[in-house]
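To start, the structure itself, in C-alpha cells.
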C-alpha cells in the first residue's frame with residue numbers, strides 16, 4: 010500500500026471535526042468524525058487524521074499527497090470577539106471612519122438599536138499626516154517622524170497587530186508601504202496588514218473594515234496554522250497544508266495566515282462546493298444547499314449549477330469586501346439550545362451547547378435541552394446507533410433537560426415540548442431559506458433541497474414540504490459532505506484593481522494593462538504552487554453601474570484585447586444583468602467600470618463519486634427493524650433501514666428512518682425515498 014497516494018480533507022465544525030480520505034488509486038473514499046476541540050482545533054484535527062489513517066490501513070503518513078483544511082478559527086474569533094489587540098493607523102482627519110460608517114441603522118424601526126462594536130476601539134486609532142488624491146497623485150508625503158511617534162504610543166498599549174489604511178492607497182500605495190516599513194523597523198514583532206495588499210479597491214469604509222478585520226484575525230490564525238503545520242509534520246505528513254477560502258477555492262497555508270480575512274467562511278464553503286458538484290451529477294440545475302451541523306445552519310442558493318459569489322459579505326455587523334460564496338447563516342443546529350423568553354415563548358438558538366459539554370443526551374455535563382435532545386425524545390434518533398455506536402446517547406438525560414428547563418416553564422408535557430423544539434427550529438430554517446430565495450424573487454417550486462451536515466437529513470423532508478420544493482437530495486455521507494467538498498476545491502487566488510471609467514471612454518490599451526498587471530501577480534503566486542502559465546485558468550469580472558448609482562453589479566468580462574465591439578457587448582451584458590436584478594434598464598445612461606477582478610485557478614485532480622447500476626428493489630435486506638417515532642403529531646410505527654445496505658434502485662416508503670454512521674434521515678408519511686446510481690437518497694411525494 011506504500012505506493013498509494015491519498016488526498017486528505019478535514020472540516021472543523023462547532024461540534025464535530027469531519028475527516029475524508031480519498032485513495033487516488035482505488036477511488037475508495039474513507040470517512041470519519043471526532044469531537045471538535047474548541048480550545049485548540051488542531052488537537053481534534055490530528056485525532057481525526059490518526060483515526061482515519063488507521064481505518065484505511067495506510068502504512069505511512071508520507072503517502073498523503075494533498076491536505077485540505079476547512080477551519081472556523083477566523084469565524085469564531087470574530088463572532089466571539091477573541092481576536093488580537095489591534096491598532097489602526099489612518100490618514101489625518103479620518104480617525105472616525107468606523108463611527109461614521111455608512112450611516113445605516115442596524116434596525117430601522119427600533120428606538121434602542123445598537124450599532125456593533127468596531128473591531129478596533131477609538132483609542133487605538135491613530136492619524137498620521139499624509140495625502141494621496143483620487144488619481145494617485147501624492148500631495149503630502151508620509152510624515153515619518155510622526156509615524157515613529159505613533160509606533161511608540163502603540164507599544165504602550167501592548168498591541169499585537171496593526172492595520173494601515175490610507176486614503177486612495179489603492180491608486181498609489183507608496184505612503185502605505187513606507188508606513189509598513191517603519192512599523193517593522195520600530196516594532197519587528199508586530200503583525201501588519203496594509204489595505205493595498207488586503208483590498209486595493211475604492212470605498213474607504215469597506216476597505217478599512219476589511220483590513221482591520223484581517224489585522225484583528227491574523228495573529229490568531231497564524232498561530233493556529235503554524236501549530237497545525239508543526240503537528241502534521243511531527244506525524245510525518247510531508248504534503249503542504251492548503252486552507253479553504255470563503256470563495257470556494259484553496260490557498261497555501263502561508264498565504265492564508267497573512268490573508269486571514271479570506272478564511273472567515275472557510276468552513277461552510279466546502280459544503281456549497283460539494284452541493285454544486287452534486288447538482289450537476291443528479292441533473293438538478295437549481296438547488297438550495299442546507300448544511301445543518303451541530304452549531305449552525307448555512308444556506309446557499311445555486312442557480313444553473315453555478316456558485317453565486319459576492320463581495321458584499323458581512324459578519325458581526327461589519328462589511329468584509331473579499332470574494333466569497335453568497336451564504337446565509339442562522340443559529341440552528343443539533344446543539345442549538347431551546348429556551349423560554351421573557352414573554353413565555355419557546356425559542357431555539359442561536360446559543361449552542363457546542364462540542365463541550367454538548368447536548369444533555371451526550372452525558373458530558375450538558376443540562377440545557379437542545380434540538381438533538383428533542384429528536385432523541387421523539388425517537389427520531391437511536392440511543393445505540395449514534396456515530397455507528399461510537400457514542401451512546403442517554404434518553405433519560407435528554408428527557409430530564411426538557412422537563413426541567415421547558416415543561417415546568419411552559420406547563421406542557423414532555424412530547425409537546427420536544428415537538429415544539431423541532432417546529433421552532435424548522436420554522437427558523439424556513440425563514441432562512443426565504444431570505445436567499447423568495448425574498449429575492451425566486452420560486453422555490455423550481456428548486457430542490459440538498460441537505461447535509463449531521464443534523465439536516467432529520468429535518469429536510471418536512472422543511473422542503475412546507476416550502477413546496479421539488480424534492481430532497483441526501484448525498485452519501487451527509488455528515489462529512491463539507492469535508493468531501495474540500496476534495497473538490499481547486500487552488501484559487503483573487504485580484505482586484507480600481508479604475509473608475511466610462512465604458513465609452515476607456516481605451517483598449519488601458520483595459521489590457523489592468524489585466525496584464527493582475528495576471529503577472531497571479532502567475533507568480535501559482536508558480537509557487539507548481540503551475541505553469543499555460544495550466545492556469547483565468548476568469549475576469551467587472552463591478553459596473555450606471556453613472557450616479559452608488560453600488561455595482563458583477564459582470565463577466567473578457568481579459569483579452571477587446572475591440573470596440575467587445576466594449577459594446579460588455580455594456581449589453583451589464584444591461585441584461587441589471588434588468589434581471591432590478592427589472593429595468595436606463596438606455597441613455599452612461600455605464601461605468603469601477604473595479605476589475607481576476608480569478609486565477611490552478612486545477613487539481615478531484616474526488617469522483619462512484620456510479621453504480623440500478624438494481625431491483627432490495628430494501629428488505631436493509632431493514633433493521635421497527636420503532637415508534639413521533640411524526641406529524643403522533644407516534645407511528647416506522648421501518649428502520651441501514652443505509653449502507655440500501656443499493657441503487659432501492660425504494661423506501663415513509664414513514665421510515667434511514668440510519669448511517671454520521672447521520673439519520675427521516676422519511677415522513679406520504680413520502681418515498683429512492684436510492685439513485687450514486688447512492689443518494691432522493692425524497693419525493695409518493
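Numbering (my numbering), first residue to last: 10 to 695. Beta carbons: idealized from backbone N, C-alpha and C, even for Gly.
1) Per the contact definition of three or more C-beta pairs closer than 8 Å, is the region 20-36 in contact with the region 359-370?
2) At 3 residues or longer, what runs of the beta strand (DSSP E) sit wholly inside the region 558-590?
3) Does the count of Cβ pairs from the region 387-396 and the region 632-639 closer than 8 Å reach three?
4) Sort 693, 568 and 323 by Cα distance to residue 469 and report the nearest one.
5) Give the C-beta separation of residue 188 and residue 151 to the nearest angstrom, bearing in mind that I take them to be a contact with Cβ-Cβ under 8 Å.
6) Out of 32, 20 and 28, state which residue places its alpha-carbon closest to the alpha-carbon of residue 616.
7) With DSSP as the reference, label residue 438 as helix, strand or coil.
8) Drop a sphere of 10 angstroms on the beta-carbon of residue 126, count the other beta-carbons inside from all chains shown, and report buried for 16 or more, exposed for fewer.
9) Go through its chain and collect everything with a Cβ distance to residue 247's Cβ below 6 Å, but skip five positions before and after it.
10) Identify whether residue 554 lies in helix, strand or coil by the three-state DSSP scheme.
11) Taking C-beta to C-beta, are residue 203 and residue 174 nearer than 9 Å?
12) How big is the Cα-Cα spacing for residue 294 and residue 610?
13) Would you tell me roughly how many angstroms separate the C-alpha atoms of residue 484 and residue 101, rounded to the nearest one?
14) Do you know offhand how far residue 10's Cα is from residue 657's?
15) Out of curiosity, what's the CA-to-CA distance linking residue 374 and residue 302?
16) Look up residue 520 in the DSSP assignment and say whether it is helix, strand or coil.
17) Check for me: the beta strand (DSSP E) holding residue 328 runs from which residue to which?
18) Tell me which residues share the same chain as residue 219 and place their Cβ nearer than 8 Å to its Cβ, disregarding the 5 neighbours each side in the sequence.
19) Locate the beta strand (DSSP E) running through residue 337, then write down its first and last residues.
20) For residue 524, count the other beta carbons within 10 Å of its own beta carbon; 16 or more makes it buried, fewer makes it exposed. Which is it?
21) In the DSSP assignment, what residue or residues form a beta bridge with residue 177?
22) Which value, in whole angstroms, describes the spacing of the CA atoms of residue 547 and residue 50?
23) Take residue 85 as the anchor and find which of 233, 55 and 56 has the nearest alpha-carbon.
24) Are at least three pairs of beta-carbons, each pair with one atom in the region 302-312 and one in the region 392-400, less than 8 Å apart?
25) For residue 10, name the three-state secondary structure that DSSP assigns.
26) Residue 582 and residue 603: beta carbons closer than 9 Å?
27) Based on the DSSP output, what are the partners of residue 644 in its beta bridges?
28) So within the region 118-194, which uninterrupted beta strand (DSSP E) runs reach at least 3 residues, ignoring any that extend past its ends?
29) Rounded to the nearest angstrom, what separates residue 695 and residue 319 at their Cα positions?
30) Over what stretch of residues does the alpha helix (DSSP H) that includes residue 96 continue unbroken?
31) Give me the Cβ distance between residue 421 and residue 453, rounded to the nearest whole Å; I'm assuming they're in contact under 8 Å.
32) Would you tell me roughly how many angstroms separate the C-alpha atoms of residue 664 and residue 628, rounded to the nearest one?
33) Relative to the alpha-carbon of residue 134, which residue among 109, 153 and 104 has its alpha-carbon at the smallest distance?
In this structure, then:
1) Contact between the region 359-370 and the region 20-36 is present: three or more C-beta pairs spanning the two stretches fall below 8 Å.
2) Listed in chain order, they are 562-566.
3) Yes: the two stretches touch, three or more of their Cβ pairs being nearer than 8 Å.
4) Residue 693 is the option with its Cα nearest to residue 469.
5) The pair is a contact, with the Cβ atoms about 6 Å apart (cut-off 8 Å).
6) Ranking 32, 20 and 28 by Cα distance to residue 616 puts 32 first.
7) Collapsing the DSSP output to three states places residue 438 in a helix.
8) Exposure of residue 126 is indicated by the presence of fewer than 16 other C-beta atoms within 10 angstroms of its C-beta.
9) Correct list, in chain order: 71.
10) Three-state DSSP puts residue 554 in a strand.
11) Yes, Cβ-Cβ distance for residue 203 and residue 174 is below 9 Å.
12) Between residue 294 and residue 610, the C-alpha separation is close to 23 Å.
13) Going from the Cα of residue 484 to the Cα of residue 101 covers about 55 Å.
14) Confidence at residue 10 is low in this model, with a pLDDT of 38, below 50, so its placement is unreliable and the value that follows should be read with caution. Counting only the Cα atoms, residue 657 lies some 30 Å from residue 10.
15) Those two C-alpha atoms are separated by around 20 Å.
16) Here residue 520 sits in helix by DSSP.
17) 327-329 is the extent of the beta strand (DSSP E) around residue 328.
18) Result list for residue 219: 204, 207, 208, 270, 328, 329, 330 and 331, in chain order.
19) For residue 337, the uninterrupted beta strand (DSSP E) segment begins and ends at 337-339.
20) It counts as buried.
21) Note: residue 177 sits in no beta bridge, so no partner.
22) Answer to the nearest angstrom: the Cα atoms are 34 Å apart.
23) Looking at the Cα atoms, 233 is the closest of the given residues.
24) Judged by Cβ distances under 8 Å, the region 302-312 makes no contact with the region 392-400, as fewer than three pairs qualify.
25) In this prediction, residue 10 scores a pLDDT of 38, lower than 50, which makes its location untrustworthy; the coordinate-derived value is nonetheless stated afterwards. Coil.
26) The answer is no: Cβ separation not under 9 Å.
27) In the DSSP output, where bridge partners are listed per residue, residue 644 has 639.
28) Taking only runs of at least 3 residues, the beta strand (DSSP E) segments lying wholly in the region 118-194 are 134-137, 147-149 and 170-174.
29) If I take the Cα positions, the gap works out to 38 Å.
30) Per DSSP, residue 96 belongs to no alpha helix (DSSP H); it is in the beta strand (DSSP E), 95-100.
31) The C-beta distance from residue 421 to residue 453 rounds to 32 Å, too long to meet the 8 Å contact threshold.
32) Roughly 14 Å separates the two Cα atoms.
33) Comparing Cα positions, the closest option is 104.
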